[in-house]
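Taken in order, these protein sequences are the chains called A and B. Per the working numbering, the first sequence starts with residue 1, numbered consecutively. Per the working numbering, the second sequence starts with residue 1, numbered consecutively. Quick reminder that beta carbons are idealized off the backbone N, C-alpha and C, glycines included. The block underneath contains the structure these notes are about, expressed in structure tokens.
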Amino acid sequence: NAGVTQTPKFRVLKTGQSMTLLCAQDMNHEYMYWYRQDPGMGLRLIHYSVGEGTTAKGEVPDGYNVSRLKKQNFLLGLESAAPSQTSVYFCASSYHLEKAEQYFGPGTRLTVT
Amino acid sequence: GDSVTQMEGPVTLSEEAFLTINCTYTATGYPSLFWYVQYPGEGLQLLLKATKADDKGSNKGFEATYRKETTSFHLEKGSVQVSDSAVYFCALSYSGYALNFGKGTSLLVTP
């Protein structure tokens with residue numbers, strides 16, 4: 001039981017390049033989330049999904065897109081990376097219960113130069 | 001909107017010292033409250049939670065009590081260890097599912 005996994009662990013992009021971060025969970029959770037973590041800012045919600053085929057915007061969605069084609073996977077895309085997107089990205093998932101605890105992946109450290 | 005404010009760090013303590021990390025919240029309704037811990041280079045792990053007023057969450061010697069009258073959820077531990085060195089995040093649930101995090105408090109415990 002791997003829990004929540006993220007690919008890749010590290011990535012360096014040049015401004016304007018695109019990439020996709022992959023999150024996978026094997027706990028059969030309905031809900032999945034993408035956060036970014038920046039120094040002194042805590043974690044901020046980018047996008048989330050309440051089920052397969054659904055997505056919604058969080059606190060800081062601009063510059064990102066997401067897809068949830070399969071229940072176990074949640075993809076985060078950057079179409080044209082900017083230095084402001086340099087951050088550590090965390091994926092999380094939770095059960096189909098209100099106010100349920102979230103389980104986090106190990107994170108992806110992205111640097112945009 | 002709903003928000004969490006926690007004390008700024010870093011907090012530096014000697015081993016076996018008493019720990020308190022303050023957390024207060026602003027919320028409409030009755031949120032659930034959480035403490036997450038992040039060890040260096042890792043993702044966040046749930047440390048403890050409380051879902052209603054006067055609930056006490058506890059785990060690994062850490063405790064926090066959901067105080068509705070003071071809108072607080074302070075984290076405490078009676079005797080910290082070097083292995084407790086980490087960043088601690090207070091969080092509340094809003095909109096039913098998403099979490100709203102505080103900015104985190106870094107704890108360093110020295111031998």
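- Secondary structure of Q37 (chain A) (DSSP, three-state): strand.
- Here the segment 74-83 of chain B makes contact with the segment 21-41 of chain B; the two share three or more CB pairs at distances below 8 Å.
- Taken through DSSP and simplified to helix, strand or coil, Q6 (chain A) comes out as strand.
- At a cut-off of 8 Å between C-beta atoms, L44 (chain B) counts as an interface residue with respect to chain A.
- Judged by DSSP secondary structure, Y48 (chain A) falls within the beta strand (DSSP E) whose first and last residues are G42 to S49.
- Distance from the Cα of G77 (chain A) is smallest, within the candidate group A:M41, A:N65, A:Q85 and A:M27, for A:N65.
- Note on geometry: alpha-carbon atoms of A27 (chain B) and G102 (chain B) lie some 13 Å from one another.
- With the rule of 3 Cβ pairs closer than 8 Å, the segment 72-90 of chain A counts as touching the segment 55-64 of chain A.
- Listed in chain order, the positions of the segment 60-76 of chain B with a beta carbon within less than 9 Å of a beta carbon of chain A would be empty, since no residue qualifies.
- Using a Cβ-Cβ cut-off of 8 Å, A98 (chain B) is close to Y33, L45, Y48 and G58 of chain A, given in chain order.
- Judged by their CB atoms, A92 (chain A) and Q102 (chain A) are nearer to each other than the 8 Å cut-off.
- Taken through DSSP and simplified to helix, strand or coil, Q45 (chain B) comes out as strand.
- Interface with chain A (8 Å Cβ-Cβ cutoff): G9 (chain B) is excluded.
- Of the candidates B:L46, B:K68, B:G1 and B:G104, B:L46 places its Cα closest to the Cα of F62 (chain B).
- Minimum Cα-Cα distance from K68 (chain B) among the listed residues B:E16, B:Y30, B:L107 and B:Q6 corresponds to B:Y30.
- V82 (chain B) carries a helical assignment under DSSP once its states are collapsed to helix, strand and coil.
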